[in-house]
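Novice: The structure that follows is given in the form of structure tokens.
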């Protein structure tokens, strides 16, 4: 079948075949490289989002612990410096209330005084 074609037709068919082969190869290579780049960028995006979430959570935890330590220090100071042995409940209630109000992550608190 190929022998009966003219020279111009044979050259056109061979050139078309080579062009299609090169285009197919380029399409495969570009698709493969694009997929690798997209996967890499998606991984970087996930790592970045994870880091932001960790930093936000770490800040909330540190803020909560700082509020607790501050309230504990103030309460201990009030109790230690009380000369008559009677600590005002309202004063202790204010300390706990300010601990909740000043901390955006706190939703409740309680104060336990043994004895």
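Residue numbers (my numbering): 477 to 591.
Think of the CB as a built atom: it goes at the ideal place given N, C-alpha and C, for glycine as much as any other residue.
1) Taking the straight line between their C-alpha atoms, what separation do you get for residue 584 and residue 544?
2) When burial is assigned at 16 or more other CB atoms within 10 Å of the CB, is residue 499 buried or exposed?
3) Taking the continuous alpha helix (DSSP H) assigned at residue 563, which residues delimit it?
4) Taking 8 Å as the cut-off, decide whether the C-beta atoms of residue 556 and residue 571 are in contact.
5) Compute the Euclidean distance between the alpha carbons of residue 563 and residue 586, then round it to the nearest angstrom.
6) What three-state label does DSSP hand residue 481 in the structure shown?
7) Determine whether the beta carbon atoms of residue 554 and residue 577 lie at a separation below 8 Å.
8) Express the C-alpha separation of residue 507 and residue 513 in angstroms, rounding to a whole number.
9) Exposed or buried, residue 579, counting other C-beta atoms within 10 Å across all chains shown (16 or more means buried)?
10) Considering only residues of the same chain and omitting the five flanking positions on each side of residue 505, which have a CB-CB separation below 8 Å?
11) Taking the Cβ atom as the reference point for each residue, do residue 524 and residue 581 lie within a distance shorter than 8 Å?
Specialist: Taking the coordinates as given:
1) 12 Å
2) exposed
3) Run containing residue 563: none; DSSP gives neither H nor E here.
4) Not closer than 8 Å, so no.
5) Approximately 16 Å, taken between the alpha carbons.
6) coil
7) no
8) 10 Å
9) buried
10) none
11) no
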